[in-house]
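Start counting the sequence shown at 15; every next residue gets the next number (the working numbering).
For every residue, glycine included, the Cβ atom is placed at its ideal position computed from N, Cα and C.
Below is one structure, written out as structure tokens, with a few remarks after it.
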Amino acid sequence: MQKFFEFISQLDRRIIFIFVALAIILPLIFPLNIKFTVTEPVRGFYDAIEKVPNGSKVLFACDFEPGSLPELYPMTYAALEQMLKKDLKIIALSLWPAGPPLAEKALTDMAQNEFKKTYGVDYVNLGFKEGREVVMVSMGSSIPNTFPQDYRGTKVSQIPIMQGVNNFKDVKLIVNISAGYPGTKEWVQQVQARYNIGLVSGCTAVSAPEYYPYYQSKQLLGLLGGMKGAAEYEILVNRIGLGRRGMDAQSMAHVIIFLFIVLGNLAYLSLKKKGT
Numbered sequence: 015m016q017k018f019f020e021f022i023s024q025l026d027r028r029i030i031f032i033f034v035a036l037a038i039i040l041p042l043i044f045p046l047n048i049k050f051t052v053t054e055p056v057r058g059f060y061d062a063i064e065k066v067p068n069g070s071k072v073l074f075a076c077d078f079e080p081g082s083l084p085e086l087y088p089m090t091y092a093a094l095e096q097m098l099k100k101d102l103k104i105i106a107l108s109l110w111p112a113g114p115p116l117a118e119k120a121l122t123d124m125a126q127n128e129f130k131k132t133y134g135v136d137y138v139n140l141g142f143k144e145g146r147e148v149v150m151v152s153m154g155s156s157i158p159n160t161f162p163q164d165y166r167g168t169k170v171s172q173i174p175i176m177q178g179v180n181n182f183k184d185v186k187l188i189v190n191i192s193a194g195y196p197g198t199k200e201w202v203q204q205v206q207a208r209y210n211i212g213l214v215s216g217c218t219a220v221s222a223p224e225y226y227p228y229y230q231s232k233q234l235l236g237l238l239g240g241m242k243g244a245a246e247y248e249i250l251v252n253r254i255g256l257g258r259r260g261m262d263a264q265s266m267a268h269v270i271i272f273l274f275i276v277l278g279n280l281a282y283l284s285l286k287k288k289g290t
């Protein structure tokens with residue numbers, strides 16, 4: 015055992031880096047499907063979408079940028095899968111300039127490629143509009159006037175899914191994936207409270223604590239916080255996506271780091287005792 019501790023004390027740190035890298039990479043390729051409890055806010059997010067009648071129209075607000083994709087893309091894809099399974103008609107938009115192309119990719123991957131849905135009939139991407147809260151309030155009066163054309167440049171009056179959609183009263187639920195401002199907080203303050211429409215949110219882990227009071231007050235029907243929330247949600251949707259894979263990788267990396275910390279301290283104490 016003494017020789018083992020001497021070996022550990024002299025171990026090149028690059029070997030440790032290799033172990034950590036393997037602990038991250040392998041679970042991403044071969045998911046471990048580590049079991050964990052689904053929390054109440056995540057179940058609320060899932061249940062809120064499940065309660066929307068099949069075939070109804072929902073507003074999908076993708077308020078994020080590339081920097082937040084590791085946390086928010088897993089829940090974006092999982093939410094799309096649940097909505098598309100229920101044949102919900104998805105009206106996507108973004109209050110962040112970088113949001114529309116990210117939403118377009120997710121919609122193309124899920125709606126078009128996986129579920130074989132038709133653009134303009136089953137889903138649409140209205141794109142970006144500058145104005146933040148002003149845009150939200152404007153949509154309360156008229157969504158077509160606020161977004162006169164979609165992300166592809168087609169007039170909304172020519173898009174079948176937009177027929178009969180005038181304001182928030184014509185959608186059953188708002189699903190917001192938010193990286194910050196403008197996002198969930200503003201949707202609660204400017205839209206949910208004013209128009210009494212159901213709202214669920216998926217957000218970054220650092221933002222989640224700020225939004226939990228909205229869930230407790232029922233202004234949010236559900237809340238996904240960071241990759242952990244996305245992983246829990248994927249369990250409910252029965253999807254092995256980037257959320258569950260990411261949590262597997264993170265958990266294994268933590269285990270490896272913990273083991274090396276323990277071994278390093280044991281080696282230090284053993285060699286110190288020997289030296290005395």
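Taking the CA atoms as reference points, S82 sits about 7 Å from T218. With fewer than three CB-CB distances shorter than 8 Å, the segment 197-213 does not count as touching the segment 79-94. Membership of F31 in any beta strand (DSSP E) is not indicated; the residue belongs instead to the alpha helix (DSSP H) covering 27-43.
A distance below 8 Å separates the beta carbons of V72 and K186.
Look at the beta carbons and you see the segment 97-111 touching the segment 136-144: at least three pairs across the two are nearer than 8 Å. Here A75 is bridged, per DSSP, to L107, N190. The shortest CA-to-CA distance from F78 to any of G145, S171, I249, P114 is the one to P114.
CA-to-CA, the gap between P227 and G236 works out to about 11 Å. Taking C-beta atoms under 8 Å as the contact rule, L98 and K131 qualify, at a distance of about 7 Å. Here D26 is exposed, its C-beta having fewer than 16 other C-beta atoms within 10 Å. Counting of Cβ neighbours within 10 angstroms places L234 among the buried residues, the total reaching 16 or more.
Just so you know, the alpha carbons of G216 and Y282 end up roughly 45 Å apart.
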